[in-house]
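>
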């Protein structure tokens with residue numbers, strides 16, 4: 014008798030809503046495609062002409078930064094955290110009604126915002142309020158889990174602290190759109206990178222990557238000291254504070270120790286034996302972090318000496334495309350393969366996406 018593999022599940026609302034990571038990763042994939050399509054059209058129109066994009070009340074670059082930091086990447090972050098928070102704390106998995114509103118808010122919000130960028134006058138305002146509603150729903154759900162926990166899962170609390178800063182950054186951008194000073198938008202964009210995304214990414218890496226390696230690489234000893242995480246948090250807040258007051262000449266005060274701490278972590282986490290591709294991409298992606306702070310350090314010291322930004326946006330792109338982008342591909346692949354019962358290997362499409370980054 015022949016054995017046939019079961020057919021792949023049909024993509025349907027019921028199937029997507031069965032688990033937080035399915036819904037939110039689907040939302041994230043849609044948001045990535047929408048955001049990149051709009052940004053590519055805008056860049057092409059600005060560079061070569063041939064068509065014109067509708068005029069907006071806010072600079073397109075600011076909107077691009079906002080969408081990527083508060084809608085695209087958080088879609089994947091919420092998909093992961095809504096899945097693992099109950100497991101980290103030994104609680105029951107979440108019911109659908111507790112995470113579906115998050116997906117609706119983030120996908121509907123981004124769609125409305127980009128329709129606003131395409132000419133729908135009310136789209137930007139509608140989309141921002143939808144995004145805030147989705148974020149608020151997510152924080153309420155995750156906060157309830159923290160309140161119900163019997164002990165203290167410090168990695169969960171660290172992620173939640175980053176999300177609270179992210180909620181504040183989102184609210185600040187809304188305030189700017191409603192008429193507040195452009196300084197509010199500037200602060201929102203800076204908080205998105207150093208206050209929201211980087212603390213959450215680093216926290217997840219600190220907890221999960223050594224755990225993954227210890228399950229696969231013989232003799233691997235996990236290294237996850239909480240004081241290291243606390244020190245990184247403190248230095249990121251110093252970096253953020255200096256950026257908010259335009260203290261670029263003094264960023265090296267935070268970036269030099271961050272370079273040492275992140276370089277040390279990569280060295281301690283990196284397995285000394287052969288590892289499968291799905292594990293290797295996690296550590297290769299993490300190696301972008303000390304590269305990022307090395308670039309920030311050079312930029313700051315040079316600015317202190319000469320007043321010139323010689324590297325331009327290179328540190329930022331190393332962080333967003335190198336670190337955030339490559340680890341996004343690696344973690345989404347790891348979670349999707351693991352939670353679907355598939356082999357823990359990198360499929361060809363994942364290798365292609367990782368190679369592009």
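Residue numbers (the numbering used here): 14 to 370.
Each residue gets a CB set at the ideal place from its N, CA and C atoms; glycine is no exception.
1) Expressed to the nearest angstrom, what Euclidean distance is found between the alpha-carbon atoms of residue 316 and residue 261?
2) Would you mind listing the alpha helix (DSSP H) stretches within the stretch 229 to 274 that are 4+ residues and don't spill past its ends, in chain order?
3) Please classify residue 74: is it buried, with 16 or more other beta-carbons within 10 angstroms of its beta-carbon, or exposed?
4) If you draw a straight line from the alpha carbon of residue 32 to that of residue 96, how long is it in whole angstroms?
5) Judging by CA-CA distance, which residue of 275, 142 and 44 is the nearest neighbour of residue 238?
6) Where does residue 70 sit, in a helix, a strand or coil, going by DSSP?
7) Which two residues bound the contiguous alpha helix (DSSP H) that contains residue 148?
8) Verify whether the separation of the beta carbon atoms of residue 213 and residue 172 is less than 8 Å.
9) Considering only C-alpha positions, which residue in the set 302, 138, 164 and 229 is nearest to residue 338?
10) Taking 8 Å as the threshold (C-beta atoms), are residue 83 and residue 179 in contact?
11) According to DSSP, simplified to helix, strand and coil, what is residue 220?
12) Just to confirm before moving on: does the CB-CB distance between residue 282 and residue 224 stay below 8 Å?
13) Report yes if the CB atom of residue 306 is closer than 8 Å to the CB atom of residue 271, and no otherwise.
14) Take the Cβ of residue 203 as the centre, count every other Cβ of all protein chains shown within 10 Å, and call the residue buried at 16 or more, exposed below.
15) Within the same chain, show all residues whose beta-carbon is closer than 6 Å to that of residue 265, passing over the 5 residues directly before and after it, in chain order.
16) Classify residue 210 as buried or exposed, calling it buried when 16 or more other Cβ atoms lie within 10 Å of its own Cβ.
17) Taking C-beta to C-beta, are residue 115 and residue 91 nearer than 8 Å?
18) Use the C-beta contact count for residue 20: other C-beta atoms within 10 angstroms, 16 or more gives buried, fewer gives exposed.
19) What is the rounded straight-line gap between the Cα of residue 374 and the Cα of residue 240?
20) So, using beta-carbon positions, are residue 229 and residue 295 closer together than 8 Å?
21) Throw me the rounded Cβ distance for the residue 89 and residue 41 pair, which I believe falls under 8 Å.
22) DSSP state of residue 323, grouped into three classes?
23) Using a 10 Å radius around the Cβ and a threshold of 16 neighbouring Cβ atoms, would you call residue 201 buried or exposed?
Inspection of the coordinates gives the following:
1) 7 Å
2) 239 to 257
3) exposed
4) 8 Å
5) 275
6) coil
7) 136 to 161
8) yes
9) 302
10) yes
11) helix
12) no
13) yes
14) buried
15) 310, 313 and 314
16) buried
17) yes
18) Any answer about residue 20 is weak, because its pLDDT of 48 lies below 50 and its placement is not dependable; what the coordinates show is given next. So residue 20 ends up on the exposed side.
19) Absent from the structure is residue 374, since the part of the chain shown begins at 14 and ends at 370.
20) no
21) 4 Å
22) coil
23) buried
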